[in-house]
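Asker: Structure below; questions to follow.
Residue numbers (this note's numbering): 8 to 186.
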C-alpha cells in the first residue's frame, strides 16, 4: 500500500503567525499533533492498525455512531475521521478553529469502550470551544490520544477505504507540553 504522510505542513510564515497569535502554540499545539494532556504516550502507539471513516458528507450536526457504517473498530485501533474540513477551509484560517466538525459524545464513549488507542481527524479537535480540553483530558484518562490537524485524509480514504492499514506515529518528546 502507498505510504501517505498525514501531517500538515506548516510554513515558516504560518508558524510565526500562529505562534504569536495562539496561546496554545507555546504548549505544542501547532500543526499535526496529539493531545497528551498529563498522560504518558505508550510507545506501543507508534505503530497501530488504522481505520478511516469518511464523514465528509456530515454537516450541520455532530458526527455520531451511525456514521461509522460498516467500519469494524477493534481494541488499539487508530480511528481516523475524514471530514474534509482542513482541505476545504485551510489550516490556520480564521474559521478553522471555530466551526470545525465534532464527534458526538456517544461516539467518543463507544470508541473508549472499544479501547481504541488513538482518534484522529482533519480538524482542530473532537469537540469545540470550552468542551475541547476537558474532552481531550477525559479521553487521555481512558488511554486514548486525540490527534488533530491530520492532512491528506482524503488520499488515505481513497487508498484504504474500509481496509485496515498501518499507521506510524512519531511523537516529539518535549517536556511540559500538552501537545
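No residue lacks a Cβ here, since even glycine has one placed at the ideal position from N, Cα and C.
Can you tell which of 177, 175, 69 and 169 has the C-alpha that lies nearest to the C-alpha of residue 58?
Answerer: Nearest of 177, 175, 69 and 169 to residue 58, Cα basis: 169.
Asker: State the DSSP-derived secondary structure class of residue 97, mapped to helix, strand or coil.
Answerer: coil
Asker: Among residues of its own chain, excluding the 5 on either side of residue 163, which ones have a beta-carbon nearer than 6 angstroms to its beta-carbon?
Answerer: 11 and 59
Asker: Might you give, ordered along the chain, the residues of its own chain that have their beta carbon closer than 8 angstroms to the beta carbon of residue 114, omitting 5 neighbours on each side?
Answerer: 69, 70, 71, 72, 74 and 75
Asker: Given this structure, state the Cα-to-Cα distance separating residue 147 from residue 9, to the nearest angstrom.
Answerer: 30 angstroms
Asker: According to DSSP, residue 64 sits in a beta bridge with which residue or residues?
Answerer: Beta-bridge pairing links residue 64 to no other residue.
Asker: Assign residue 99 to buried or exposed, taking buried as 16 or more other Cβ atoms, counted over all protein chains shown, within 10 Å of its Cβ.
Answerer: buried
Asker: Do residue 130 and residue 92 come within 9 angstroms of each other at the CB atom, strictly closer than that value?
Answerer: yes
Asker: Can the beta-carbon of residue 127 be found less than 9 angstroms from the beta-carbon of residue 50?
Answerer: no
Asker: List the endpoints of the continuous alpha helix (DSSP H) containing residue 119.
Answerer: Annotation for residue 119: the continuous alpha helix (DSSP H) segment containing it runs 112-120.
Asker: For residue 89, tell me which candidate among 165, 141, 137 and 56 has the shortest Cα-Cα distance.
Answerer: 165
Asker: Going by beta-carbon coordinates alone, are residue 54 and residue 84 separated by less than 9 angstroms?
Answerer: no
Asker: Taking the straight line between their C-alpha atoms, what separation do you get for residue 158 and residue 94?
Answerer: Going from the Cα of residue 158 to the Cα of residue 94 covers about 8 angstroms.
Asker: Could you tell me the boundaries of the beta strand (DSSP E) in which residue 128 lies?
Answerer: 125-128
Asker: Strictly under 9 angstroms for the Cβ-Cβ distance: is residue 121 near chain B by that measure?
Answerer: Structure shown: chain B not included; a single protein chain is present.
Asker: Can you tell me where the alpha helix (DSSP H) holding residue 161 begins and where it ends?
Answerer: 160-167
Asker: Taking C-alpha atoms, which residue in 119, 82, 138 and 137 lies nearest to residue 149?
Answerer: 119
Asker: Helix, strand or coil for residue 50? Go by DSSP, reduced to three states.
Answerer: In this structure, residue 50 counts as helix in the three-state DSSP scheme.
Asker: Which residues bound the beta strand (DSSP E) around residue 173?
Answerer: 172-175
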